[in-house]
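Novice: In the UniProt record's numbering, the protein residues as written are 1 to 358.
1) For the putative contact between residue 49 and residue 2, defined by C-beta atoms under 8 angstroms, what is the C-beta separation to the nearest angstrom?
2) Between which two residues does the beta strand (DSSP E) harbouring residue 59 extend?
3) For residue 161 versus residue 124, is the C-beta distance shorter than 8 angstroms?
4) Could you tell me how far apart the beta carbons of residue 360 and residue 139 are, in whole angstroms, since I believe they sit closer than 8 angstroms?
5) Along the chain, where does the beta strand (DSSP E) containing residue 171 start, and where does it finish?
6) May I ask you to verify whether the segment 216-227 touches the segment 236-244, counting CB pairs closer than 8 angstroms and requiring at least 3?
7) In whole angstroms, what is the alpha-carbon distance linking residue 294 and residue 100?
8) In terms of alpha-carbon separation, which member of 115, 36 and 52 lies closest to residue 281?
9) Less than 7 angstroms between C-beta atoms, sequence neighbours within five positions excluded: which residues of the same chain meet that for residue 335?
10) Scan the segment 86-153 and note each continuous alpha helix (DSSP H) run of 4 residues or more that stays entirely inside, going in chain order.
11) Which whole-angstrom value describes the C-beta separation of residue 307 and residue 297, a residue pair presumed to lie in contact below a C-beta threshold of 8 angstroms?
12) Which residues share a DSSP beta bridge with residue 157?
13) Start and end of the alpha helix (DSSP H) containing residue 73?
14) Along the chain, where does the alpha helix (DSSP H) containing residue 42 start, and where does it finish?
15) Measure from the alpha carbon of residue 201 to the alpha carbon of each residue in 210, 358 and 256, then state which is nearest.
16) From which residue to which residue does the alpha helix (DSSP H) around residue 229 run?
17) Give a yes or no on whether the C-beta atoms belonging to residue 132 and residue 269 are separated by under 8 angstroms.
18) Going straight from the alpha carbon of residue 253 to that of residue 354, what length do you get?
19) Residue 267 by DSSP, collapsed to three states: which one?
20) As a quick exercise: from 92, 261, 316 and 176, pick the residue whose alpha carbon is nearest that of residue 242.
Written out as structure tokens, the structure is:
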């Protein structure tokens, strides 16, 4: 049986001021299809597994909005973390909720806030990945064939071809590498032996739990205590107590960089992690002056801008290379080449005690 696990606890801070603590990026509609990012994430795997076999891991602030947006998902399948403890704890928590149903079920772990344009090709790759995962203690990750030297992603260095499943070539992973500088990114692109790390993983429940037991024993022990309390009156108390002890560690650092049987499938299916406002240029078609507009916009001599508003008129004259975002209580004006630094702006707001805007 296949189970999808959607990780939906992130804040999407670089999409401020639209993405807030109460309305993070995954709950927003950032494309022109009328659906939020998490709704699209669920839709694209709906042919792979039923709503009953779909789990969403999030935090207490997002649980009810997610339930509202995705009424087809059983409320019990929305798993709430008491604290954000990075992806290792998040994935482990989902795994123990699935264990009792099917310890050898295959987990397809996906972020909730990515865009995939060619869903049929994506599903073909998932078909190959789940086939390999079912055959043993295999960990499979989907890598994205890079099209330019991106410095904002981690990379997967892959080696020789290991096998072929359902007409897709599968390669042995040599190592995972952190976000590179531009020189390294150019070297990775030229070598043809590196993929962008998409953060998508496929494995059996027993496989990931065995790996957590071996490489992260303290996390494993805490997860087992939480598992024993599921469907009891002490669950929330045990969950809070054990989660407070967990280290904040990514699955990449905790497991992927250390495990033995790791494989990757290169993918080309129109993937984008929509990390900053400038990503909208890749997912929506700019006008003949390079602008992306959403809202009530009037512009003169405006080029290469991203402008997002609501009913209020936004008027621009003689500007270029800007991101302008208007919400009820905040306006962002940012150079496009500084969008990565919006997180610094939020840190400054915390220092200035303006957390009501976060």
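We treat Cβ as the ideally placed atom computed from N, Cα and C, and that holds for glycine. If you're wondering where the values come from, they're calculated on a predicted model, not measured in any experiment.
Specialist: Considering the structure as presented:
1) 5 angstroms
2) 54-59
3) no
4) Outside the displayed range of the chain (1 to 358) lies residue 360, so it cannot be described from this structure.
5) 168-177
6) yes
7) 46 angstroms
8) 115
9) 321 and 322
10) 86-99 and 119-134
11) 5 angstroms
12) 175 and 194
13) Where residue 73 is concerned, there is no enclosing alpha helix (DSSP H), given that its DSSP letter is neither H nor E.
14) 37-43
15) 256
16) 217-229
17) no
18) 34 angstroms
19) strand
20) 92
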